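Add 1209 to a position in the sequence shown, counting from 1, and you land on the number used in this note's numbering. Backbone N, C-alpha and C fix where the C-beta goes; we use that ideal spot for every residue, glycine too. All of these numbers come straight from a predicted model, not from anything done at the bench. Down below is the structure, laid out as structure tokens.
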Amino acid sequence: MSSKYIRTPTKPRKVYSYPNNLITHTTAQANNHYQHSTPQLQPFSNQLTIIMHFTSIITGAAALFASASMAQPTARQAPVAYANIMVYNSADHSQQPVRIPFGQLTNLDQYKVTKLDLISLSVNIPDIPSPDVKDVVCQRYNDKYGVQLGSTEFTYENPALISTNPVEFGWVLCYVRGKSS
């Protein structure tokens, strides 16, 4: 084998790069470059000072916003008055709790129903006491006008048995029954 085909290793050359002009130089060129000019970099202490000032400003702003938000009055919970009803579907052995607002004929088409049961109340109205769950009456209707009855009245103690096969939820109205004197 002849020696002309064997490559001899060469000495690696150092390469320098400068951010100002992004030109790379060999060692000889770099030494020559240092005689003429050197890039001016910002001293590390100045960079550190800038970072410290920036951090102080951000921390101060965060403290200011935090103290301002604490000074605002707390928001009150919106008044609510709901009858909580359990919707049963015996065909798929499911039950789903739903909320029916008092005094509003309410439709929940996404449910199929075989039985409805009043389970509790969610009432939070300032200066008005919550009624007793035993004083609440609900009624299912087949139409949105509340004209065609869809069930008997149901209460906390007496659920409404709608059908043996699942039917549309229909429309439900719940209200507080007045006490007779």
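The beta strand (DSSP E) enclosing residue i, as first and last residue numbers
{"i": "I1294", "result": "1289 to 1298"}
{"i": "Y1320", "result": "Looking at the DSSP string, Y1320 is not in any beta strand (DSSP E), and its letter there is neither H nor E."}
{"i": "I1309", "result": "1303 to 1310"}
{"i": "V1356", "result": "It is not in any beta strand (DSSP E) - V1356 carries neither H nor E in the DSSP assignment."}
{"i": "V1381", "result": "1380 to 1385"}
Residue i versus the options, residue with shortest Cα-Cα distance
{"i": "L1370", "options": "T1323, T1364, Q1304", "result": "T1323"}
{"i": "A1293", "options": "Q1305, L1327, N1351", "result": "The question names Ala, yet the displayed sequence has Asn at residue 1293. Residue L1327 is the option with its Cα nearest to N1293."}
{"i": "V1385", "options": "T1364, R1349, T1264, N1333", "result": "T1364"}
{"i": "I1334", "options": "T1268, K1388, V1289, G1387", "result": "V1289"}
{"i": "Q1304", "options": "I1267, A1270, F1311, M1295", "result": "M1295"}
{"i": "R1349", "options": "S1360, D1341, V1356", "result": "S1360"}
{"i": "T1373", "options": "L1325, R1308, F1311, Q1313", "result": "L1325"}
{"i": "E1366", "options": "V1307, A1270, S1329", "result": "S1329"}
{"i": "K1321", "options": "Q1313, V1307, S1331, F1311", "result": "V1307"}
{"i": "P1310", "options": "S1331, Y1297, D1301, A1287", "result": "S1331"}
{"i": "Q1313", "options": "Y1297, Y1291, H1302", "result": "Y1291"}
{"i": "S1299", "options": "T1268, P1375, D1336", "result": "P1375"}
{"i": "C1347", "options": "A1272, D1301, L1358", "result": "L1358"}
{"i": "P1340", "options": "Y1297, G1387, D1301", "result": "G1387"}
{"i": "V1345", "options": "Y1354, T1264, P1368, A1270", "result": "P1368"}
Beta-ladder partner(s) of residue i, from DSSP
{"i": "A1369", "result": "L1325"}
{"i": "F1363", "result": "C1347"}
{"i": "N1333", "result": "V1289"}
{"i": "V1376", "result": "V1322"}
Minimum Cβ-Cβ distance from residue i to chain B less than 7 Å
{"i": "G1387", "result": "Considering every chain present, this structure includes no chain B. It has just one protein chain."}
* To do: State whether the segment 1308 to 1323 contacts the segment 1367 to 1383, with contact taken as three or more CB pairs (one from each stretch) at a distance under 8 Å.
  => yes
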